[in-house]
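Chains as they are written, first to last, in my numbering: chain A, 18 to 284; chain B, 7 to 145; chain C, 672 to 1038.
Idealized CB from N, CA, C, for every residue including glycine.
Worksheet: the structure to be examined is printed underneath.
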Amino acid sequence: MTRDRLAIIPILLATAIFNLCAAADIPVQEQIVCIRCHGAQPGRLGEPVMLWRGSIHAANGVACNDCHGGDPKDLVNAMNPDRGFLGAPKETAIPGFCGRCHVGVLKDYLRSAHGMALGKGGPTCVTCHSNHLVVKATLEIINEKNCSRCHSFERARTIKDAMRQTEGLIVSIGKEIEGFKSEGVDTEKLEKGLFSVRNRFHTLFHDVDVEKVKQESTQINADLNKLSGVLCKITEQHEKRKLAGIVVVGVALLAALIFYLLRKTYD
Amino acid sequence: MNISSRRKFLVACLGGIAAAGTGATLYPVYKYLAPKQADENGGKVSFRESDVPPGGAKFFDFRGETAVMVREKSGALIALSAVCTHLGCIVQWQTDKQDFLCPCHAGRYTPDGTVISGPPPRPLAKLPFTVTDGTISIG
Amino acid sequence: MTSMKRLYDWFEVRLGIKELVEKNLTGYLLPRNINCWYSMGSIILFIIALQVVTGILLLVYYIPEADKAFGSVTAIMNTMPFGWLIRMCHVIGSNMMILFVMLHMLSTLFMGSNKSPRELNWLSGFILFTLVQAICLTGYLLPWSQLSFWATTVATNSVGAIPYIGQFLVEFLRGGKLVGAPTLGRFYTLHITVIPLTMAAVVGMHLFFLERIGVSTPPFGLDNTKNRWPGGVFRYDDHPGGIPFFPNYILQDMTSIALYFAIFAAVVFFYPNIFFTKDSFVQANPFQTPAHIKPEWYFLANYQTLKLFPNEFIGLSIQGAAMTFLALLPFVDRGNEKLPLKRPLFLTCFIGGLILYIALSIWGHYS
């Protein structure tokens, strides 16, 4: 009976399985040979993969070969120096290693007190940022544990305090943008603007110069206030829409009432 | 109030609501469909040609974003957006290498904005400009 | 007023308006104990009309190409004046359409209006329910967001559980091995032409069946709640002494529509994002599956049912069987009684089924 067969359509269309395991494609990164091999190893050799998986690098498609070189598709030649494999950098080579991409930070670090102490007991990038579990930098990286290994925490606290207010503004603007993004507002320019200011601000720290931080903060705060202004305008616009909404709902309810009363006159 | 006059009143109210409703519907639809006027919001930016030396670059604000004017060693002028297409940092002009380098993740661009290396997915956006009597006008 | 009368007379001699008005409006009588649930159909018609209008407006600026679709929807939401309003009306409206179709089906089922001689109404309505689900499914892909892309991937995958032809069906639906530009092309065509035109035809049939056999009598507030149809011969189900459609019941319909519009506007203006997730505003990335992709609320019960059964095909079949049973219910339940309180088996199954459906949906949301 045709109606019977038409009932198959509900099966096909109405029964959508959203079974992640069945449908999810393995991310492209997990297919490189480095992870296929090291990911299966226990202990020291497998640990970097586990740590890396929780990092901001992994979330943005930066995998083993992007830092360590080598061939990510050829199991035999994956760690061949002829294919660009660099291995794990020695301590004094670490800033240059990370600085291949993070050029701005490298410049600031090298001319700072920290950079001058490289190889003489001073910190490298990994000291504060870790090597494989690299996460989005926050002010909390400046803490007792990281900073009092070589000197008193007091010096670190001064610079942290100098950065705290601006950092607070950056974080709150970031949250507001996130909020707008999940409402459908086009936040691309705002996100880019905030990213740029945030990077300019965070990279300041690497000079470990409190005066420089205070100086540059004025300009950075001005830029942040510009972003805040744009966000305020968006909030205002949304408030206006809500007001219009109250009017529309009110009129609709009024119309319902009038129709009801009109109907009553006919009963 | 007798039924007939009550009905007339209610129908009149409904008429008013209907008219308001029609207006409230037609206005947004009209604004939505109406072609956009190509008006200059943000305005042009101008400066003197001599501000941009050969092999050098001048950064300026254009319609709320940072832009850059480059004069190659050959003398050719190029106007570009200075916002890196990767994550939004402002690119820096390398006078020694005569190219753009983004300090955030080492994205590299040629003087006309094409990506040489690094993570940027798209070239730097070109901006239209005119030169009259030694004054450059962008936009 | 004489010019109005002359205009009226001009149409009257050519169309016989007076007769039409008497037959379909003032003389069309409805049972005295009719209730507000009988307005559900009109509300749904209003929702469909709004969807068509907002859909056509969206068509003006939407670009149905994989790399431009998301950008065009973002532009509608942010740049076009009132684009946000039109898009949000369309999104909220689509969810409302499914909700009210479900309420309509539940109320007709509850009041026994699907019984003889109205089997055709029920069947055409069931087909409409399926078409509504299909139009929502196809529309979901069009914004080309992460949510759209991956939800469609999984939805089209489910068809693959059918033996022998499953994989072929999946690729045919997608226009390729994976969801991509060809999928957008086909879903777009289905969404703006094939399904709406089919729906229009079936709605026409649905209304014709209703008009032909007459409105059913609700079983509430009556002494005799049995089905009055004698069977064996066509007889229009009239309601002598009933209330006229015009102006009485039309005003009830308008009240219901105005109330619906108030609820709809409240959601559009104050809770516009209840149907969105973070992934709704990120462009589709075929190389990155987001975590926690879930179907829309109206597919959650199906989703959870399939998760319960170890074999996908069994899960599909069970649901297919349930849907088929519901579709053929008027042929299975031939009893005369319409009042639910006098139909204990029916009432138990009705309440049980409803609770099961809601429980599965909630479970699907949290699992």
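Query                                                                                                                                   : Result
Beta-carbon contacts of Cys173 of chain A that lie in its chain and below 7 Å, excluding the five residues immediately before and after : Just to set this straight, residue 173 of chain A is Ala in the shown sequence, not Cys. Excluding residues within five positions, the ones whose Cβ falls inside 7 Å are Ile159, Cys164.
Euclidean distance between Cα positions of Lys132 of chain B and Gly62 of chain B                                                       : 17 Å
Burial state of Asp950 of chain C, where buried means 16 or more other Cβ atoms lie within 10 Å                                         : buried
Beta-carbon proximity of Ala972 of chain C to Leu1025 of chain C, cut-off 8 Å                                                           : no
DSSP beta-bridge partners of Val684 of chain C                                                                                          : Beta-bridge pairing links Val684 of chain C to no other residue.
Pairwise C-alpha distance: Val953 of chain C and Lys286 of chain A                                                                      : This structure gives no information on residue 286 of chain A, because the portion of chain A shown stretches from 18 to 284.
Assumed close pair Phe753 of chain C, Lys37 of chain B - CB separation to whole angstroms, cut-off 8 Å                                  : 6 Å
Buried versus exposed, by CB contacts within 10 Å (16 or more), Thr725 of chain C                                                       : buried
Under the three-state DSSP convention, the category Met75 of chain B falls into                                                         : strand
Where Glu161 of chain A falls, given that 16 or more other Cβ within 10 Å makes a residue buried                                        : exposed
Contact the segment 705-714 of chain C vs the segment 772-790 of chain C: 3+ CB pairs below 8 Å                                         : yes
Spatially closest choice to His910 of chain C from C:Gly698, C:Asp680, C:Arg685, C:Glu690, by CA coordinates                            : C:Gly698
Limits of the unbroken alpha helix (DSSP H) element including Ala852 of chain C                                                         : 852-860
Cβ neighbour criterion (16 or more within 10 Å) applied to Ser674 of chain C                                                            : exposed
Rounded separation between Ala82 of chain B and Ser143 of chain B - CA only                                                             : 15 Å
Trp99 of chain B in three-state terms, based on DSSP                                                                                    : strand
Counted within 10 angstroms of its Cβ, other Cβ atoms place Thr136 of chain B as buried (16 or more) or exposed                         : exposed
Straight-line gap, Thr91 of chain B to Thr144 of chain A (C-alpha atoms, nearest Å)                                                     : 31 Å
C-alpha gap between Glu256 of chain A and Ile263 of chain A, whole angstroms                                                            : 11 Å
Interface partners of Thr183 of chain A on chain B, CB under 8 Å                                                                        : By Cβ distance, chain B contributes nothing, its closest Cβ being about 17 Å from Thr183 of chain A, past 8 Å.
Proximal residues of chain C, C-beta to C-beta of Lys37 of chain B below 8 Å                                                            : Pro752, Phe753
Member of C:Asn785, C:Leu701, C:Leu878 whose CA lies at the smallest distance from the CA of Pro915 of chain C                          : C:Leu701
Helix, strand or coil at Tyr811 of chain C [DSSP, three-state]                                                                          : helix
Partners in chain B for Val953 of chain C, counting only beta-carbon separations shorter than 7 Å                                       : Near Val953 of chain C there are no residues of chain B at all, since even the closest Cβ is about 15 Å away, more than 7 Å.
Alpha-carbon spacing of Glu882 of chain C relative to Asp894 of chain C, whole angstroms                                                : 26 Å
Touch test, the segment 53-72 of chain B against the segment 672-691 of chain C, Cβ-Cβ under 8 Å, three pairs minimum                   : no
Helix, strand or coil at Glu1008 of chain C according to DSSP, with G and I counted as helix                                            : strand
Close Cβ partners of Thr745 of chain C (< 6 Å) along its chain, the five nearest in sequence each way excluded                          : none
Near-chain C residues of the segment 17-36 of chain B - C-beta to any C-beta below 8 Å                                                  : Pro34, Val35
Three-pair Cβ contact test at 8 Å for the segment 754-769 of chain C versus the segment 923-940 of chain C                              : yes
Nonlocal neighbours in the same chain, by C-beta distance under 6 Å from Ser819 of chain C, ignoring five residues either side          : Tyr811, Leu812
Test: Ile934 of chain C CB closer than 8 Å to a CB of chain B                                                                           : no
Cys38 of chain A in three-state terms, based on DSSP                                                                                    : Because the pLDDT at Cys38 of chain A is just 33, under 50, the model does not fix this residue reliably, and the value given afterwards should be weighed accordingly. In the structure shown, Cys38 of chain A sits in a helix (DSSP, three-state: H, G or I).
Exposure of Lys1009 of chain C, with buried meaning 16 or more beta-carbon neighbours within 10 Å                                       : buried
Proximity below 8 Å, CB of Tyr126 of chain A to CB of Pro112 of chain A                                                                 : yes
Close-in-space but distant-in-sequence residues of the same chain around Met751 of chain C (CB under 7 Å, 5 per side omitted)           : Tyr732
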